[in-house]
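Residue 97, in the numbering used here, is where the sequence shown stops; the numbers in between run on with no holes.
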Amino acid sequence: MKDTAFVTGGTGFVGSHLVEELLRRETDEVRCLVRTDPKWLSDLDVEYVRGDLSDVEVLWAALDGGDEVYHVAGRTRAPTEDAFYEANVQATLNL
C-alpha cells in the first residue's frame, strides 16, 4: 500500500527537516504546499502543490489520496491580530 504524506510549511526550517526525515523513512510520496520557490527542497523527490492555506480547493485537491497530514506552517509575527488569526487559526480550520 502506498504511503502519502502532505506537509504544510515544508519550505521552512522545521518543515524542510520533516520532509527530509519522511523521505529518509521511505515515505512513498511526499507532497508539500508551497507559496514560494522551494529552494530547501529542490534536490528532493517531492511533489509541490502551489497555493496557500487560505485556498480550500487547493487544500482538498492536495489532500486527496493522502494518508498523513503534517501541519507545520504558521506565522510567529503579523502586523495585526486579525492577520495573525488568519495565518494561524483560520488556516488550520481550512485544513
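Every residue gets a Cβ at the ideal spot worked out from N, C-alpha and C, and that includes glycine.
Query                                                                                                                                          : Result
Is DSSP giving THR78 helix, strand or coil here?                                                                                               : coil
Return the Cβ separation of ALA89 and ALA80 in integer angstroms, given the expectation that the two are a contact with Cβ distance under 8 Å. : 6 Å
Could you check what DSSP says for LEU65 in three-state terms: helix, strand or coil?                                                          : helix
Please state the DSSP three-state secondary structure of ARG26.                                                                                : helix
Can the beta-carbon of THR6 be found less than 7 Å from the beta-carbon of GLY68?                                                              : yes
Please name the residue in VAL91, LEU25 and VAL51 whose C-alpha comes closest to that of THR10.                                                : VAL51
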